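Worksheet: the structure to be examined is printed underneath.
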Amino acid sequence: MNKKFIQVLKKDYPEFCFKLGKKFAFRPPKTIILGPDEPYYELLSLHELSHAILKHRDYNLDVERLKMENAAWDKAKELANHYRIKIDEDLIQDQLDTYRNWLHQKSRCPSCGLTRFQTPDGEYHCPRCEAFIKLS
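Numbered by the working numbering, the letters in the sequence shown go through residues 9 to 144 in order.
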């Protein structure tokens with residue numbers, strides 16, 4: 009862990025609580041969990057800080073979670089430029105891929121494999137399978 013970097017973040021963002029943990033995470037409304045030391049420690053820390061700055065809380069639709077992740081990475085890049093931290097686009101895309109894959113898996117119909125859509129109540133619906141059910 010880069011203690012000097014974390015001290016700078018604490019000074020620049022005193023409204024947030026920075027804690028050490030097993031993995032990087034944001035715990036609304038003000039807690040940023042800093043994971044283990046690794047090559048992209050600073051960039052991952054800025055990503056979680058970005059969630060806090062952007063006031064990310066809950067999401068209604070799963071696609072909103074992906075949008076929040078994208079927004080947090082965009083903000084993290086802005087902060088990285090400010091702090092002169094190297095931006096690794098491959099890392100960012102790899103991180104976003106975990107959410108893209110998660111969304112793809114959740115939206116896939118277990119019966120026919122078609123992509124389902126999510127309604128505001130959070131339920132997924134298959135246009136093929138549910139159309140057959142309604143016709144029966």
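Yeah, the Cβ is synthetic: ideal placement off N, Cα and C, and Gly gets one too. This structure is a prediction, so every number in the text was calculated from the model and none was measured.
query = Anyone know if the C-beta pair for LEU57 and ALA84 falls short of 9 Å?
reply = yes
request  = Identify whether LEU74 lies in helix, strand or coil by the three-state DSSP scheme.
outcome  = helix
ask   = Is the Cβ of GLU77 closer than 9 Å to any Cβ of chain B?
value = Within the model displayed, chain B is absent; a lone protein chain is all it includes.
query = Just checking my contact of SER53 with PHE34 at CB under 8 Å: how many whole Å lie between their CB atoms?
reply = Not quite, the Cβ-Cβ distance comes to about 11 Å (not below 8 Å), so this is no contact.
message = So the candidates are PHE125, LYS11, ILE40 and SER115; which of them puts its Cα closest to the Cα of GLU23?
response = ILE40
message = Per the DSSP calculation, HIS202 is bridged to which residue(s)?
response = Nothing in the structure corresponds to residue 202, since the chain is present only between 9 and 144.
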